[in-house]
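Residue numbers (the numbering used here), protein chains in the order written: chain A, 1 to 115; chain B, 1001 to 1111.
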């Protein structure tokens, strides 16, 4: 079974704090993704990575950065948290395929509240 | 206009009912299509892929109409355990691959 784990289920931070969200997958997947999910907006892609030390901006990268130093680990960083970054953050991974798309496996999510 | 649009619902149906979810996508470069299910406070999980020929898995039937850029999911004989949010997912080929999630349709199945 594919397993994607996230470092925290719930997190409360203050405005201006630096926040690290960690994600680890155990299936040797090449691709890893960070999304945020908000009511009525669905999942929106923040950043993704298709290899170690590689990263690509998604649809809403502003205010976030990422790090992928090891294949199994993909970190999302909020340099200076703001209240509009209060959200559910979901990490996902999948295998790189050359044709079509394939299933993404999600972690359980981190519900971040910024006060 | 959103690239993938779904009726937000919620749909409230009795057990045993047939319920249909619809999804439209705007980009004709869309290549692969999926339905995911997300339970309350849980992560999304793949329910089924959607093929042009249509595909069925037990009580679930998924269909794709490329000409109309429309995807559907039909659940027959709905169960209480079907209560969840159903997400339409479209993958576009744009150099690389871009995955776009619909906002989801919430389903409540009541006894």
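Note that CB positions come from ideal geometry on N, CA and C, so glycine has one too. Computed from a prediction, not measured in an experiment: that's the story for all the values here.
Going by CA-CA distance only, name the one from the options that's closest to residue i.
i              : options                           : result
residue 93/A   : 105/A, 82/A, 87/A and 84/A        : 105/A
residue 86/A   : 69/A, 115/A, 66/A and 28/A        : 115/A
residue 1106/B : 1043/B, 1007/B, 1091/B and 1030/B : 1007/B
residue 61/A   : 19/A, 71/A, 54/A and 44/A         : 44/A
residue 19/A   : 110/A, 109/A and 79/A             : 79/A
residue 91/A   : 1025/B, 1044/B, 1065/B and 1085/B : 1044/B
residue 14/A   : 107/A, 96/A and 81/A              : 81/A
residue 77/A   : 96/A, 112/A and 29/A              : 112/A
residue 1091/B : 1016/B, 1030/B and 1026/B         : 1030/B
residue 1003/B : 1110/B, 1068/B and 1101/B         : 1101/B
residue 1021/B : 1001/B, 1005/B, 1066/B and 1057/B : 1005/B
residue 67/A   : 5/A, 16/A, 8/A and 34/A           : 34/A
residue 25/A   : 54/A, 47/A, 51/A and 6/A          : 6/A
residue 1035/B : 1058/B, 1108/B, 1078/B and 1050/B : 1050/B
residue 4/A    : 17/A, 10/A and 29/A               : 29/A
Mark residue i as exposed unless 16 or more other C-beta atoms lie within 10 angstroms of its C-beta, in which case mark it buried.
i              : result
residue 69/A   : exposed
residue 1098/B : buried
residue 109/A  : buried
residue 1062/B : buried
residue 32/A   : buried
residue 1064/B : buried
residue 1070/B : exposed
residue 1032/B : buried
residue 1024/B : buried
residue 1078/B : buried
residue 1040/B : exposed
Check whether the Cβ of residue i lies closer than 8 Å to any Cβ atom in chain A.
i              : result
residue 1046/B : yes
residue 1008/B : yes
residue 1005/B : no
residue 1056/B : no
residue 1015/B : no
Is residue i close to chain B, meaning its C-beta is less than 8 Å from at least one C-beta of that chain?
i             : result
residue 74/A  : no
residue 109/A : yes
residue 78/A  : no
residue 104/A : yes
residue 40/A  : yes
Can you look up residue i in the DSSP assignment and give me helix, strand or coil?
i              : result
residue 51/A   : coil
residue 26/A   : coil
residue 1082/B : helix
residue 104/A  : coil
residue 1027/B : coil
residue 37/A   : strand
residue 83/A   : helix
Residues of the segment 1091 to 1104 of chain B in Cβ contact with chain A at a cutoff of 7 Å, in chain order, please.
Listed by position, the residues of the segment 1091 to 1104 of chain B near chain A (Cβ gap below 7 Å) are 1091, 1097, 1099, 1101, 1102, 1103 and 1104.
Where the segment 2 to 20 of chain A meets chain B: residues whose CB sits under 7 Å from a CB there:
Listed by position, the residues of the segment 2 to 20 of chain A near chain B (Cβ gap below 7 Å) amount to none.
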